[in-house]
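Written out below as structure tokens is the structure these notes cover.
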Amino acid sequence: MIGKIDKNPQLEMFKVPLKHFINEGHELVLLSRKINWEQLESELSVYYCEDNGRPSIPIRTIAGIVLLKRIYDQSDESILDRWVENPYWQYFCGEVYFCHQLPFDHTELIKFRKRIGEEGSEQLLKMSVQLFPKKEVQDDEVLIDTTIQEKNITYPTDVKLQKKIIEKCRKIACKERITLRQSYRRELKQLMIDQRFHSHPRRKKKARAAARRIKVIAGRVVREVERKLDNGKRERYSSQLDIFNKVLAQEKNSSNKIYSLHQPHVKCIAKGKEAKKYEFGNKSSIVKTRRSGIIVGAMAFIENLYDGDTLLPQLEQTERITGHKPKVGIVDRGYKGRKVVNGVQIVIPTKLPASANNYQKQKIRKRFRARAGIEPIIGHLKQDHRMSRNYLLDEQGDLVNTLLAAAGFNLRKMLQRLKAEALNIFAHLIWRFFAPAWNRRFVF
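Residue numbers are given in my numbering: position 437 of the sequence shown equals residue 447, and the series is strictly consecutive.
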């Protein structure tokens, strides 16, 4: 059942409403009035049942906190702690009076993200785009680029994965009251010390032998657990055991390798840069308007696709969000091989044609220089909007994190614009009322 905020609440005698002691010219107050909350609630209400169960948390409250989390780069725990301290954040989420208690437990944010999924997160991105004028959003030229969204996993090595397999098998045996022939605790501890610094010439032989021994122990423990589990219990742990066996069987040149036991869908993507050759996560695509710098498309891909293959779904999403199909998409050389996708001309930096005149050459140069403008946008998404390391679980977490990061970027851009407009109005009022006195003062 959908929880709702009373639009015309009866005021209480001993409480002061928030709007009586906050600055109504604050950018968050202006943004909260600019957002069409009724439309957002109607779009997200399809993910709730209508009459069954207890009333849920009001959609504006939890959606507002999710958006504030992305704007100000907060975690699920810190956003709620700061929400209690900040009257502007509470006003943004629709509160009438100052609230001294947490609005809900932080686990509700996890449930809300799972509830709305990719489609609901796209609605939040669409809402952030609709805040800007149509002439800025519906640009004929857009910039498109892909980046890697790293997952919150440790740097994978075979020895690390095999050690984790042994530890997880011990937990399964303890939970199901299985007695292992040997725990290997003391030996495994010494082997992990021996396998360090395997590239040193004097330690190479001993380190390799220790690594081989750890793999043997992992295989023994897995087979023993499989053998001693009953049929019903074996089915319960079948997915975990399949992952364990696949990790033990994979080699250096194996395809579809597993790099994390709790996130087996993670891909190893070659970055091609000397400082960081490989990243482990998923590929995300970003679309930005050339002139206004608004993100009008953001999409995450589970598979490690070629950049050119990401253009079709990305352009379709951009058309869904903006209601307008761009005419030109400017990309880098990683999209080589695509010239027209879904009626959109794809432009890739190339050598200037010898037959072009100076005006045409200058126009081409400006277009390709503008393409580099999407690189700092991706940097802001990663550093300021929680896209540098994805803490959300599974494939759905990859999709949702990319969309919410883009929505947070657009909302912060609108906040900066509202703040600048408020300062300009204030400066204009000061000049209007005090300028005549200044002029009279300095008249000779």
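Think of the CB as a built atom: it goes at the ideal place given N, C-alpha and C, for glycine as much as any other residue.
Burial state of isoleucine 203, where buried means 16 or more other Cβ atoms lie within 10 Å: exposed
I need the DSSP call for glutamine 148, collapsed to helix, strand or coil. coil
Identified DSSP bridge partners for asparagine 400: Lys161
For arginine 123, does the count of other Cβ atoms within 10 angstroms reach 16, so buried, or fall short, so exposed? buried
Around the Cβ of asparagine 457, are there at least 16 other Cβ atoms within 10 angstroms (buried) or fewer (exposed)? Look at the range of the chain in this structure, 11 to 454, and you will see that residue 457 is not part of it.
Using only CA atoms, which one of Leu251, Asn241, Lys216 and Ala217 lies nearest to valine 457? Outside the displayed span of the chain (11 to 454) sits residue 457, for which this structure offers no information.
Between the CA atoms of lysine 287 and isoleucine 268 - distance to the nearest angstrom: 18 Å
Can you say whether phenylalanine 452 is buried or exposed, counting buried as having 16 or more other CB atoms within 10 angstroms of its CB? With a pLDDT of 44 at phenylalanine 452, under the threshold of 50, the modelled position of that residue is not reliable, and the figure given next carries that caveat. So phenylalanine 452 ends up on the exposed side.
The region 356-375 contacting the region 127-137, beta-carbon criterion three pairs below 8 Å: no
Spatial neighbours of phenylalanine 254 within its chain, please: C-beta separation below 7 Å, excluding the five flanking residues on both sides. Ile175 and Val232
Proximity to isoleucine 15 [Cα-Cα], best of Asp83, His395, Gly104 and Leu322: Gly104
Please go through the same chain and pick out, in chain order, the residues whose beta-carbon is closer than 7 Å to the beta-carbon of lysine 25, but skip the five residues on each side of it. Tyr107
Measuring alpha carbon to alpha carbon, tell me which residue in Gly303, Cys278, Ala285 and Ser270 is nearest glutamine 159. Cys278
List the residues that DSSP assigns as beta-bridge partners of glycine 389. Glycine 389 is not bridged to any residue.
In three-state DSSP terms, what is serine 294? strand
Residue(s) in a DSSP beta bridge with glutamine 355: Val338 and Val350
Apply the 10 Å Cβ neighbour rule to asparagine 33 and answer buried if 16 or more other Cβ atoms are within range, or exposed otherwise. exposed
Alpha-carbon spacing of arginine 301 relative to lysine 178, whole angstroms: 53 Å
Is it buried or exposed, lysine 423, if we count other Cβ atoms within 10 angstroms and call 16 or more buried? buried
Do leucine 141 and lysine 44 have their C-beta atoms closer together than 8 Å? yes
To the nearest angstrom, how far is the alpha carbon of proline 336 from that of glutamate 128? 23 Å
Reduced DSSP secondary structure (H/G/I, E/B, other) of leucine 90: helix
Outcome for asparagine 266 when other beta-carbon atoms lying within 10 angstroms are tallied against a minimum of 16: exposed
Does the region 334-353 come into contact with the region 311-324, if we say contact requires no fewer than three beta-carbon pairs (one atom in each stretch) closer than 8 Å? yes
Can you name, in chain order, every residue of its own chain whose Cβ lies under 7 Å from the Cβ of lysine 214, other than the five neighbours on each side? His208
On a Cα-Cα basis, can you pick out the residue from Leu77, Gly35, Leu271 and Pro27 that is closest to tyrosine 165? Leu271
By the 10 Å Cβ neighbour count, where 16 or more other Cβ atoms means buried, how is lysine 373 classified, buried or exposed? exposed
Just to check my reading of the structure: isoleucine 304 and histidine 275 have Cβ atoms closer than 8 Å, yes? What is that Cβ distance to the nearest angstrom? In fact, because the Cβ distance is near 31 Å, the residues do not count as touching under 8 Å.
Does the distance from the C-beta atom of leucine 153 to that of lysine 298 stay below 8 Å? yes
Can you tell me which of the three DSSP states leucine 78 falls into? helix
Identify, in the order they occur along the chain, each residue of the same chain with its Cβ nearer than 7 Å to the Cβ of threonine 332, setting aside the five sequence neighbours on each side. Val139, Val147, Gln148 and Val306
On the criterion of 16 or more Cβ atoms from any shown chain inside 10 Å, does serine 85 qualify as buried, or is it exposed? exposed
Can you round the beta-carbon distance between valine 235 and alanine 183 to whole angstroms, since I take them to be within the 8 Å contact cut? 6 Å
Which partner residues does lysine 267 have in the DSSP bridge list? Lysine 267 is not bridged to any residue.
Is it the case that the region 384-398 contacts the region 407-415, given that we only count it when at least three CB pairs across the two stretches are under 8 Å? yes
Would you say isoleucine 89 and isoleucine 72 are within 8 Å of each other, going by their C-beta atoms? no
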